[in-house]
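Report on one structure; see the data block that follows.
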Amino acid sequence: MSSTQDIYLYKWWSNEDQSVTIDGDIRSVTMGRGNDTVTITGSAACINTCEGDDRIQVGGHVQSITDLFGSNRITVGGNAGSITLGSGHDVIDVAGAISCLNTGCGNDTVSVGGDLGTGLLGWGTNTLDVGGNAGTVIGGIDQDTVSVAGNLCLADLCWGDNTLEVGGNAGTVLSGWGNDQVSIDGNLSLACLGDGTNHITVGGDACHINSGCGNDRYVVFGDLGLGCASNGNNCINVGGSAGTVLAGWGNDGLNVVENLCLANLGDGANIVKIGGNAEHLYVGCGDDLLLVKGSVGDMLLGNGLNQLYVGDNVNCAVTGGCGTDRVFVDGNANIANLGWGHDQLHVGGSLQSAWLGDGNDRAWVGGTLSCVLDTGCGDDAASVGRNQGGVQLGLGNDNLTLGSFSNCSWVDGCWGHDTLTLVGPASQYQITGWNPSCVATITDLSTGAKMTAYGIESFQFTGSQQADSFDLSFLTTINTHACFQAFNPPPGP
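In this note's numbering, the protein residues as written are 1 to 493.
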């Protein structure tokens, strides 16, 4: 058939299959009730498939395609203005761009070689492949698979187990209940994934990621501004720095290659690895393992068997709750308050103040104690390189070793049988006024410094401050944690 303006094949009384070939352009085509085939070598303004499983091939552009019923196969060699599909399992292949797409009900497959303005996938298991950029993509209530080679402005995947792949940047990604898989090669502004086991990977920076209840996994190769994961065993990996990371109940894993501003992981057996500094780090009840290679601002460990390694300094405070806390600080520490339990504190540099609470505690300070070390109730053992403040041993049979001391420093043994060991020969020190119930003055004859000792039952002397025995095997557990293998090899988009 030669080129004409309008073709009308619809006959309400007939289900006959029809086939039409048009050489050139056409203004409108209306299909019949049967399984029709239309081939247009040029362009078309309007195509209406009506009923039946139709086959439409347009060599050029088409302004609009409307399908009422049936499973149709549509191929467009150029651009398409709008495509609206009804019920049926449709297959659409457009070499150019689509301005507006509505797939309707059914399991539809759509391939767009260029850009997509707006895509509404409707109910069904849909597949959408966009070779260029996409403005808005709205999914249905089922399992949708969406791939965008360029940038994406907005995607709302709704309910279901959805898969989204974006080769460029993404503005906003939304989804409801379901196990969603989201991969973005560029940067992400906002993702809200809802309840379910969600996995999201961002090759660049992510401004805000929010997911509901479930075992969620975040992998951000750049920086993360805000990550909010609700209850569940969440795994969060950040290749750059992280602003704020929040998680609810569950055994969470947090790995930040560079610096962290704030993290609050809630109750559970949490494992944390920070490659740089951590300004504020809070974990709730549970047996937590934490590694910070840089410095810490303030840290709240909560109740449980907590183990912490800080590679540099504690600038503000480390606070522990009930349970056995083991804290290793390679640099200096400002304040440590470890609460009840058999706690162990190691400070490689200087310490301002520490309260170890009730329990059989151990403390080792390689540098200077400038204010107070209070070991609390229990049979405690402490070793301090230089006492410039005071040591309160509390109730129990305590042992204290001092490498040296300054004028006006003090030691109080309180109740129990307490032993003070001084580094150096006995001839280096002069002890006056001493008996277990009196105050003694200890003079270091090599420096002239005087220290006051209360309630010390016995004195001993040693050649040097003994090295601390601190079990750091928990660092292997952290470094080999399955959650943290996303950056092995090192991160890169």
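Yeah, the Cβ is synthetic: ideal placement off N, Cα and C, and Gly gets one too.
Worksheet item: Could you give the uninterrupted runs of the beta strand (DSSP E) lying entirely in the segment 170-255, keeping only those of 3 residues or more?
Response: Taking only runs of at least 3 residues, the beta strand (DSSP E) segments lying wholly in the segment 170-255 are 170-174, 181-184, 188-192, 199-202, 206-211, 217-220, 224-229, 235-238, 242-247.
Worksheet item: Is residue 445 helix, strand or coil when you go by DSSP?
Response: In the three-state scheme derived from DSSP, where H, G and I count as helix and E and B as strand, residue 445 is classed as coil.
Worksheet item: Expressed to the nearest angstrom, what Euclidean distance is found between the alpha-carbon atoms of residue 223 and residue 76?
Response: Cα to Cα, the separation comes out at about 41 Å.
Discussion item. Using DSSP's beta-bridge definition, name the partner residues of residue 337.
Written reply: Per DSSP, 319, 355.
Fill in: Residue nearest to residue 177 in terms of C-alpha spacing, selected from 31, 184, 141
It is 141 whose Cα lies nearest to the Cα of residue 177.
Practice prompt. Enumerate in chain order the residues of its own chain whose CB-to-CB distance from residue 399 is below 6 Å, with the five nearest sequence positions on each side excluded.
Written response: Answer for residue 399: 381, 419, listed in chain order.
Practice prompt. Work out the CA separation of residue 143 and residue 477 for me, nearest whole Å.
Written response: Each residue's alpha carbon lies about 37 Å from the other.
Item to complete: Tell me, please, which residues DSSP counts as bridged to residue 346.
Response: Bridge partners of residue 346: 328, 364.
Worksheet entry | Distance, residue 218 Cα to residue 24 Cα | Near 52 Å, if we compare the C-alpha coordinates of residue 218 and residue 24.
Practice prompt. Scan the segment 147-171 and note each continuous beta strand (DSSP E) run of 3 residues or more that stays entirely inside, going in chain order.
Written response: List check, beta strand (DSSP E) in window: 152-156, 163-166.
Discussion item. Restricting to Cα atoms, I'd like to know which of 479, 417, 301, 112 is closest to residue 340.
Written reply: The candidate whose alpha carbon is nearest that of residue 340 is 301.
Worksheet item: For the 8 Å Cβ check, are there 3 or more pairs between the segment 405-412 and the segment 447-454?
Response: Yes, the segment 405-412 touches the segment 447-454.
Fill in: Contacting residues, own chain, Cβ-Cβ under 6 Å from residue 122 (five flanking each side not counted)
If we look at residue 122 and ignore the five residues flanking it on each side, its Cβ neighbours are 103, 104, 105, 140.
Practice prompt. Please classify residue 307: is it buried, with 16 or more other beta-carbons within 10 angstroms of its beta-carbon, or exposed?
Written response: So residue 307 ends up on the buried side.
Fill in: Neighbourhood of residue 256 by C-beta distance below 6 Å, restricted to the same chain and skipping five residues each side
Contacts found: 238, 242, 274.
Worksheet item: In three-state DSSP terms, what is residue 290?
Response: Here residue 290 sits in strand by DSSP.
Worksheet item: Taking 8 Å as the CB-CB cut-off, is residue 408 touching chain D?
Response: This model lacks chain D altogether; it includes just one protein chain.
Fill in: Through-space distance from residue 155 to residue 469, alpha-carbon basis
Near 55 Å, if we compare the C-alpha coordinates of residue 155 and residue 469.
Discussion item. Below 7 Å, is the gap between the Cβ of residue 307 and the nearest heavy atom of the ligand NAP?
Written reply: Absence of the ligand NAP is noted for the structure shown, with no ligands found whatsoever.
Worksheet item: If you draw a straight line from the alpha carbon of residue 312 to that of residue 363, how long is it in whole angstroms?
Response: Here the C-alpha atom of residue 312 lies approximately 18 Å from the C-alpha atom of residue 363.
Fill in: residue 235 beta carbon less than 8 Å from that of residue 483
It is a contact, given that the beta carbons lie within the stated cut-off.
Discussion item. With H, G and I counted as helix, E and B as strand and the rest as coil, what does DSSP make of residue 270?
Written reply: If DSSP states are grouped into helix, strand and coil, residue 270 belongs with coil.
Worksheet item: Roughly how many angstroms lie between the CA atoms of residue 52 and residue 89, to the nearest whole one?
Response: Residue 52 and residue 89: Cα-Cα distance of roughly 12 Å.
Discussion item. Cutting at 6 Å between CB atoms, please list the residues of its own chain near residue 183, excluding the five before and the five after it.
Written reply: 165, 201.
Worksheet item: Is the beta carbon of residue 226 less than 8 Å from the beta carbon of residue 208?
Response: Contact flag set, yes.
Worksheet item: Is it buried or exposed for residue 8, if we count other Cβ within 10 angstroms and need 16 for buried?
Response: Result: exposed.
Worksheet item: Taking the DSSP output, what are the residues bridged to residue 120?
Response: The secondary-structure analysis by DSSP pairs residue 120 across a beta bridge with 102, 138.
Discussion item. Once DSSP output is grouped into helix, strand and coil, what is the label at residue 479?
Written reply: In the structure shown, residue 479 falls within a helical segment according to DSSP collapsed to helix, strand and coil.
Fill in: Whole-angstrom C-beta distance between residue 42 and residue 60, which should lie under 8 Å
Yes, residue 60 and residue 42 are in contact; Cβ-Cβ is about 5 Å, under 8 Å.
Worksheet item: Would you report the Cα separation of residue 174 and residue 158, rounded to the nearest angstrom?
Response: Near 7 Å, if we compare the C-alpha coordinates of residue 158 and residue 174.
Discussion item. According to DSSP, is residue 2 part of a helix, a strand, or is it coil?
Written reply: In this prediction, residue 2 has a pLDDT of 41, which is less than 50 and means its spatial position is unreliable; nothing more can be read from the coordinates.
Discussion item. By the three-class DSSP mapping on this structure, what secondary structure does residue 490 have?
Written reply: Caution applies to residue 490, whose pLDDT of 49 falls short of 50 and renders its modelled position unreliable; the model cannot decide the point.
Fill in: Short Cβ contact (8 Å threshold) for residue 334 with residue 315
Taking 8 Å as the Cβ cut-off, residue 334 and residue 315 qualify as a contacting pair.
Discussion item. Using a 10 Å radius around the Cβ and a threshold of 16 neighbouring Cβ atoms, would you call residue 270 buried or exposed?
Written reply: Per the 10 Å Cβ criterion, buried.
Worksheet item: At what residue ranges does the segment 14-86 contain a whole run of the beta strand (DSSP E), taking only runs of 3 or more?
Response: For the segment 14-86, whole beta strand (DSSP E) runs of length 3 or above, ordered along the chain, are 19-22, 26-30, 37-40, 44-50, 55-58, 62-67, 73-76, 80-84.
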